[in-house]
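Visitor: Once you've had a glance at the structure underneath, I'll fire off some questions.
Protein chains in written order, with the numbering used here: chain H, 1 to 293; chain A, 1001 to 1268.
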């Protein structure tokens, strides 16, 4: 695939190999991340999601199989993993705990500084990154990151990765533990960046977020890829998802319950789609009335 | 990157083995007795016997020997230092000179001494990790607490000590996981920790240390709140879900260990 930025082939990973605590986390996973898309990775706890994304930038070495970033094998003879880390920005779960600098500006500058960029370029990128996560550098720049709210800290951490201008941004449960406002703010920023062409990989437990954000979904289960495809196709297989401990977006569940009772509504994933589908099924009149505002 | 891989000290290995099944009190007492014996063993031959005993115990406990060897790694530097210092500075008896290095004089007696003390150190680490490999932190605490109970009257706060120890043990792997996570997070931001001289590396480690210390404080606070929420107070008598009970196997193990210890002491 020419437009795959990241391509994993038959990826297997065994933790603590050769010790009594040996555990297999991935068993032959083949996935790719395509330019410009937002790929959601879902799966129950322990299904291998976090292990998988740590292969995307060479933090973990595959036990077997290979990972290519922009066509180059990360573990081949002429591999340059530091370069891969520049191209694939990875934000771990609860990234606010990785902040360490005295000011927001300096913390965001850590990544670009490591790239060895000149000072003016760093300042420029820090400024831009803070703007794109919705934090005004003039207001927040000189504050200590530890004086911010949880949601703001997380956005600073996101800016820290954005400032490296990665081709792909990999987020591990970006909204976990945020209050509704912090969550909405962050999702909004992700959507905006994605609309500008940023490629994303988002690991999440929240099916409504998948429905809202994802172009494509990979479902992991016990180290395998269980399903892969557009959200519509994946969420049509609700029974299978439930069997592995996953659910459906609320709107999809509502529509499927209606369908099972014989109401002729079309498939829907988000609240907006469900509203349109239900009003259409009711004859369209209500749709017009709602559409007016 | 799997830091924990290199640090099996204090790591419990869940298995169904005769050693795992013993009462923790038996294992703690046996380990203590064996430690004393280790320090009384007069010769390399004695240490050799000790190595054999530990190998047998590892097999009994279904602990892979390679895994146990990895656990000795952290002690290795200390052992090297011991051997080095002894070789050059401890004039054993007799002290034939091996070679001179400037003002330093290496002696055969010193080297012999160093190797002996070093081997003793390694065995000490092996012995104590044998205890933690086969005994979960919870069991260890219960065992310690039970053993210290008689000393309560003379003011030994047995249960608090046991609690502190088990908390420390419990958090060793957690801290390593945390360190690994933070190192990875900073590596993902282009940080590198293996380049330049010692001074540069120390500075490069600041982005790891600050979050690590912060999270340790956070963790201890959370733990304190969680304990208070469950009405933890020192000195209160708590009952157990699993009461400790001595079995036949414990009697056998005690007799064997105490017998072996007595034999060593008598042969001395």
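The beta carbon of each residue, even a glycine, is placed where N, CA and C say it ideally should be.
(1) Run through chain H and tell me which residues come within less than 8 Å of residue 1187/A, C-beta to C-beta.
(2) Is the stretch 148-159 of chain H touching the stretch 59-67 of chain H in the sense that three or more CB pairs, one from each, lie closer than 8 Å?
(3) Excluding the 5 residues flanking residue 1115/A on each side, which residues of the same chain have their C-beta closer than 7 Å to its C-beta?
(4) Is the Cβ of residue 11/H closer than 7 Å to any Cβ of chain A?
(5) Output the distance between the C-alpha atoms of residue 1257/A and residue 1050/A, rounded to the nearest integer angstrom.
(6) Mind checking who residue 9/H pairs with in its DSSP beta bridge?
(7) I want to see whether chain A comes within less than 7 Å of residue 20/H, judged by CB atoms only; does it?
(8) Which of the three DSSP states, helix, strand or coil, is assigned to residue 227/H?
(9) With a threshold of 8 Å, are at least 3 pairs of Cβ atoms found where one atom belongs to the stretch 88-97 of chain H and the other to the stretch 20-32 of chain H?
(10) Which chain A residues are close to residue 92/H, counting only those with a beta carbon under 8 Å from its beta carbon?
(11) Only counting the same chain, and skipping five residues up and downstream in sequence, which positions put a Cβ closer than 6 Å to that of residue 130/H?
(12) So residue 1028/A is in the alpha helix (DSSP H); what residue range does that whole segment cover?
(13) Buried or exposed, going by whether 16 or more other CB atoms sit within 10 Å of the CB of residue 118/H?
(14) Measuring CB atoms only, is the stretch 183-192 of chain H touching the stretch 8-21 of chain H, in the sense that at least three cross pairs come out at less than 8 Å?
(15) Label residue 239/H either buried or exposed according to how many other C-beta atoms from any shown protein chain fall within 10 Å of its C-beta, with 16 as the threshold for buried.
(16) Within 7 Å (strictly less), CB to CB, does residue 114/H reach chain A?
(17) Under a CB-based cut-off of 7 Å, is residue 1013/A close to chain H?
(18) In this structure, does DSSP put residue 287/H in helix, strand or coil?
(19) Short of 8 Å Cβ to Cβ, which residues in the stretch 1065-1094 of chain A face chain H?
(20) Who are residue 216/H's beta bridge partners in DSSP?
(21) In the structure shown, what three-state DSSP assignment does residue 1232/A receive?
(22) Against chain H, which members of the stretch 1214-1238 of chain A pass a CB distance test of less than 9 Å?
(23) Have a look at 259/H, 195/H, 172/H, 221/H and flag the residue whose alpha-carbon is nearest the alpha-carbon of residue 206/H.
(24) Answer with yes or no whether the minimum CB distance from residue 111/H to chain A is below 7 Å.
(25) Quick check: is the beta carbon of residue 297/H nearer than 7 Å to any beta carbon in chain A?
(26) CB-CB under 6 Å to residue 1088/A, same chain, minus the five flanking residues each way: which ones, in chain order?
(27) For the 8 Å Cβ check, are there 3 or more pairs between the stretch 1136-1149 of chain A and the stretch 1057-1068 of chain A?
(28) Going along chain A in order, which residues have a C-beta closer than 8 Å to the C-beta of residue 133/H?
(29) Taking 7 Å as the CB-CB cut-off, is residue 302/H touching chain A?
(30) Run the proximity test for residue 107/H: is its beta-carbon closer than 6 Å to any non-hydrogen atom belonging to the ligand SAH?
(31) By the 8 Å beta-carbon criterion, what residues does the stretch 158-190 of chain H contribute toward chain A?
(32) Any idea if residue 152/H is buried or exposed, counting beta-carbon neighbours within 10 angstroms, 16 or more meaning buried?
(33) For residue 1191/A, return the contacting residues in chain H, with the cut-off set at a CB-CB distance below 9 Å.
(34) The stretch 1119-1143 of chain A: which residues have C-beta closer than 7 Å to a C-beta of chain H, in chain order?
(35) In whole angstroms, what is the alpha-carbon distance linking residue 1246/A and residue 1071/A?
(36) Return yes when the Cβ of residue 1182/A is within less than 7 Å of the Cβ of residue 98/H, no when it is not.
Guide: Working from what's here:
(1) 59, 85
(2) They do not touch, by the three-pair rule.
(3) 1083
(4) False, the Cβ-Cβ gap to chain A never drops below 7 Å.
(5) 12 Å
(6) 66/H
(7) yes
(8) strand
(9) Between the stretch 88-97 of chain H and the stretch 20-32 of chain H, the count of C-beta pairs closer than 8 Å stays below three; the two stretches do not touch.
(10) 1181, 1184, 1185, 1188
(11) 137, 159
(12) 1024-1040
(13) exposed
(14) no
(15) exposed
(16) yes
(17) Chain H contact via Cβ: present.
(18) Any reading at residue 287/H must be qualified, since the residue scores a pLDDT of 45, below 50, and its modelled position is unreliable; no value is offered.
(19) 1066, 1067, 1070
(20) 39/H
(21) coil
(22) 1214, 1215, 1218
(23) 172/H
(24) yes
(25) The structure shown has nothing for residue 297/H, since chain H only spans 1 to 293.
(26) Correct list, in chain order: 1104, 1106.
(27) Segment contact: the stretch 1136-1149 of chain A against the stretch 1057-1068 of chain A, fewer than three CB-CB distances shorter than 8 Å; contact not assigned.
(28) Going along chain A, no residue has its Cβ under 8 Å from residue 133/H, so there is no contact; the nearest lies around 15 Å.
(29) This structure cannot speak to residue 302/H, because chain H is shown only from 1 to 293.
(30) This structure lacks the ligand SAH; in fact it carries no ligand of any kind.
(31) 160, 161, 164
(32) buried
(33) 110, 111, 114
(34) none
(35) 30 Å
(36) yes
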